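Mapped onto numbering that gives the first Met the number 0, the consecutive letters of the sequence shown carry residue numbers 0 to 575. Even glycine gets a Cβ: it sits at the ideal position worked out from N, Cα and C. Every value quoted in this text rests on a predicted model; they were computed, and no experiment measured them. Since the structure comes first, as structure tokens, the remarks are kept for the end.
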Amino acid sequence: MVNIKINGMPFSVPKDSTILEAARYAGIQIPTLCYLKEINAIGACRICVVEVKGARSLVAACVYPVAEGMEIITNSKKVQQARKITLELILSTHKKECLSCVRSGNCELQKLCHDFKVDDEHRYDGNNPEWPKDDSAVHMVRDDNKCILCRRCVAACAKWQGIGVIGPNERGFNTHIACAFEQNLDEVACVSCGQCIVVCPTGAIYEKDQTDEVWAALNDPSKHVVVQTAPSIRATLGEAFGMPVGTNVTGKMVAALRRIGFEKVFDTDLAADMTIVEEAHEFVERVKNGGVLPMITSCSPGWIKYCEHYHPDMIPNLSTCKSPQQMFGATVKTWYAEKMGWDKKDIVVVGVMPCTAKKFEVRRDDEDAAGSGIPDVDIALTTREIARMIDRAGIQFTELPDEEFDSPMGESTGASVIFGATGGVMEAALRTAAEWVGGKPLEQVEFTDVRGTAGVKEASYQIGDLTVNVAVASGLANAKKLLEQVKSGMKNYHFIEIMGCPGGCVNGGGQPVQPASVRNFVDLKSIRAKALYDADEAKTLRKSHENPALLTIYKEYFGEFGSHLAHRILHTSYTE
Ligand code: HC1
């Protein structure tokens, strides 16, 4: 520990802290813009400047380390003036469309301008380049006219995901963030994960909004509009309405969707249970018949795109199971359509997903089980988009009663709800595989070694006669490390779970945006995941193969797990 003074008050703080961290220990928040914990400590934006006694000029708190006896002033007139001028300079190149901007009310630049009383937005206006919007990708739009060059998106893409398809192009006033050689995003190997969106402090990057398409379907009396919600949405949607991180809002979410006007409010969790029975069946078959191992999970579309682009040699290792989102849509447009006497052409399936890559997934080839080019899922919305729909409908989310999903496709087990956290798919699959192979009920359903937010986890379990080696990775930079170890023969696994986003879907690119002031100091991934593990524990049924609705669907339609029909409707293929 070292002894320092902040604003004249003595504090003892860990010796390796930066001034930013030390101030936080002392209960003082220093504003930031470019800083992102662990991946973007570059001291570039100068918003976090503070005075240090004896230093020749103001220093950037995010990179400046504390030292014994240091005296720091975080809010002097000089500091406040410097921050205000910096904000005015940032505004001079910022497209000020604040009334209609998708981030209005949740923009870090807007909040700082308010806090520092920037009352002349045009003080330093001059001639600026105009950048064309890049809306070439299926999932997102980049508007460099709102970019403040903080480089958080560049760091997220390169360091969390190990991809690096964006970076600064040109110099000086012409500096802008784009793909190499000014290619459009749809021309490079972007995997659509959306991690760049959730770290952007302004409205420079955002998902392609499809809410108008959903409103149009809801207003069309010839359509049956069915909504499904991914496992993690219940643990995050409340944040969009000011509720604490980690609040489980399942009941209010269902109530809100019903009030928006969806004819059926169903749960993707049912299809997560279906994924598990199909995947566990596929795994057991591969082990018995000498199939390709390790088998790797296939429900994260960002991971699938990454595998196809960057590791096509591993495609035979991918499970052929469609993701739960797609299995759900395929089942609605086959079994459920028949049961309800609905024409599959009149059904609109909307997914509410934590993930921007799901917008890409719905358009993949081979995701049209009902045939005639009818997609399994019509529209994938992010958590943020459904929150905007709830707002537009005037629904008072926090005041809603708790309601239940519709039957039968709202029934699920604890195994499915943990899909939203890294390790959850593996744990769910192990619960089923262990029971099938062991031939007797599992006493202990928790596989805790695969829980937690570490980027890579591994464990070995005795299942029947086989010691099954498993690994779990989240975030594609971690996935890359793991795959390299597998390819080199350094590691020998039977089953691997990979999720594209660090921490899994709870931290997906479609989740509510938390500002850096929260993101840098609160472990969003763990707190959101805890809500899912608590939901699992509260369930009576915790193994996918015990889901009664699933058993009915197989009895009435698919037959055995892994049957020919199940393969045709619920499995998919990949392209190099
Ligand atoms: Fe996920 Fe999945 S868990 S991919 O992580 O398998 O997006 O939440 O919906 O499809 O069920 C995401 C989450 C989600 C699918 C499921």
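CB contact flag (residue i, residue j, <9 Å)
i      : j      : result
Ala177 : Glu278 : no
Thr397 : Pro511 : no
Gly409 : Ile417 : no
Asp375 : Asp364 : no
Lys343 : Pro300 : no
Thr421 : Met498 : yes
Thr412 : Lys538 : yes
Pro323 : Thr274 : yes
Cys149 : Gln194 : no
Val517 : Val101 : no
Val1   : Val51  : no
Arg430 : Arg285 : no
Ala515 : Pro167 : no
Glu70  : Gly42  : no
Leu269 : Leu549 : yes
Val78  : Asn506 : no
Gly502 : Gly463 : no
Ala534 : Ala239 : no
Glu445 : Ala470 : no
Ile147 : Cys44  : yes
Pro230 : Thr267 : yes
Ala478 : Trp341 : no
Leu32  : Ile18  : no
Cys320 : Met326 : yes
Lys36  : Glu96  : no
Thr210 : Glu384 : yes
His544 : Phe557 : no
Asp272 : Ser103 : no
Ala203 : Ile38  : no
Ala392 : Ala369 : no
Trp130 : Ala476 : no
Glu442 : Tyr492 : no
Span of the alpha helix (DSSP H) around residue i
i      : result
Glu87  : Lys76 to Ser91
Ser576 : The chain is shown from 0 up to 575; residue 576 falls before or after that span and cannot be answered.
Leu579 : In the structure as shown, the chain starts at 0 and stops at 575, and residue 579 therefore has no counterpart that could be examined.
Ser516 : Ala515 to Arg518
Tyr460 : From DSSP, Tyr460 is part of no alpha helix (DSSP H) but of the beta strand (DSSP E) over Val455 to Ile462.
Phe557 : Segment: none, Phe557 is in no alpha helix (DSSP H) and carries neither H nor E.
Lys524 : Leu523 to Ala537
Val153 : Arg151 to Ala154
Lys338 : Ala336 to Met339
Lys110 : Glu107 to Asp114
Ile495 : It is not in any alpha helix (DSSP H) - Ile495 instead sits in the beta strand (DSSP E) that spans Phe494 to Met498.
Ile3   : Element bounds for Ile3: not the alpha helix (DSSP H) but the beta strand (DSSP E), Val1 to Ile5.
Pro547 : Pro547 to Ile552
Glu120 : That residue, Glu120, is in no alpha helix (DSSP H); it is neither H nor E in DSSP.
Start and end residues, beta strand (DSSP E) containing residue i
i      : result
Phe10  : Met8 to Val12
Arg141 : Met139 to Arg141
Lys328 : The question names Lys, but residue 328 in the sequence shown is Gly. Premise fails: Gly328 lies in the alpha helix (DSSP H), Pro323 to Thr330, not in any beta strand (DSSP E).
Glu50  : Val48 to Val51
Glu20  : Per DSSP, Glu20 belongs to no beta strand (DSSP E); it is in the alpha helix (DSSP H), Ile18 to Tyr24.
Ile346 : Ile346 to Met352
Ile568 : Per DSSP, Ile568 belongs to no beta strand (DSSP E); it is in the alpha helix (DSSP H), His563 to Leu569.
Pro315 : Note, Pro315: premise wrong, no beta strand (DSSP E); not H, not E.
Ligand 3 heavy atom lying under 8 Å from the CB of residue i
i      : result
Cys149 : Ligand 3 is absent from the structure shown, which contains only ligand 1.
Within-9 Å CB hit, residue i to chain D
i      : result
Cys500 : Absent from the structure: chain D. Only one protein chain is present.
Segment contact flag, the region 218–231 with the region 315–335, C-beta cutoff 8 Å, min 3 pairs: yes
Contiguous beta strand (DSSP E) assignments of at least 3 residues, all confined to the region 256–312: 263–266
Pocket of ligand 1 (residues with CB nearer than 6 Å to any heavy atom), chain order: In chain order, the qualifying residues are Ala229, Pro230, Ser231, Thr267, Ala271, Cys298, Ser299, Ser322, Pro323, Gln324, Met352, Pro353, Cys354, Lys357, Phe418, Gly419, Met498, Gly503, Cys504 and Gly507.
Minimum length 4: unbroken alpha helix (DSSP H) runs contained in the region 359–428: 382–391 and 413–416
The region 132–145 / the region 175–192 touching (three or more Cβ pairs under 8 Å): yes
Contact the region 83–94 vs the region 115–130: 3+ CB pairs below 8 Å: yes
At least 3 beta-carbon pairs within less than 8 Å: the region 49–60 vs the region 16–35: yes
Touch test, the region 205–218 against the region 377–391, Cβ-Cβ under 8 Å, three pairs minimum: yes
Contact between the region 481–499 and the region 282–295 (3+ Cβ pairs under 8 Å): yes
Any 3 or more C-beta pairs closer than 8 Å across the region 450–457 and the region 517–532: yes
Three CB pairs or more closer than 8 Å across the region 247–265 and the region 400–408: yes
Whole beta strand (DSSP E) elements within the region 173–240, 3-residue minimum: 175–177, 204–206 and 223–228
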